[in-house]
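Asker:
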Amino acid sequence: MAELKQDIINYLIEQYKITRWPFVQRIQLAKDLNKGINEVNTALNELFKEKKIIHKKGVNDALVAYTGDKKILNEIKHLI
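Mind the numbering: the sequence shown is residues -13 to 66 in the working numbering, read in order.
1) Taking all protein chains shown into account, decide if Ala80 is buried (16 or more other Cβ within 10 angstroms of its Cβ) or exposed.
2) Gln1: buried (16+ other C-beta within 10 angstroms of its C-beta) or exposed?
3) When we look at the beta-carbon of Ile(-6) and count the other beta-carbons within 10 Å, is it buried (16 or more) or exposed?
4) What are the boundary residues of the alpha helix (DSSP H) that includes Glu11?
5) Roughly how many angstroms lie between the CA atoms of Ala16 and Asn60, to the nearest whole one?
6) Considering only residues of the same chain and omitting the five flanking positions on each side of Asn27, which have a CB-CB separation below 8 Å?
7) By how many angstroms is the C-alpha of Glu36 removed from the C-alpha of Thr5?
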């Protein structure tokens, strides 16, 4: 589970670099990581509880991995 959680964080960081606020569907995340949706949902729920991933509602829902990066923190600090 720890490895999957790290893979999810790395994936979201890469998506964040590309689009800033990535719209990442859980099903696409599972496909890209070659994991089952139930595994991904369990890992995401743990990451939400640990506050390592932020879910931003807006025009597009976005999943963002919080990495401690100051720029990211400034954008999402009102969410955490």
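Don't be surprised by glycine CBs; every beta carbon is placed ideally from N, CA and C.
Answerer: Taking the geometry as given:
1) Missing from the structure shown is residue 80; the chain here goes from -13 to 66 and no further.
2) Gln1 should be labelled buried.
3) So Ile(-6) counts as buried.
4) With the sequence shown as reference, residue 11 is identified as Gln, and Glu is not the correct amino acid for it. Unbroken run through Gln11: none, as it is neither H nor E.
5) Cα-Cα distance, rounded: 29 Å.
6) Only Arg12 meet the Cβ criterion.
7) Rounded to the nearest angstrom, the two C-alpha atoms are 24 Å apart.
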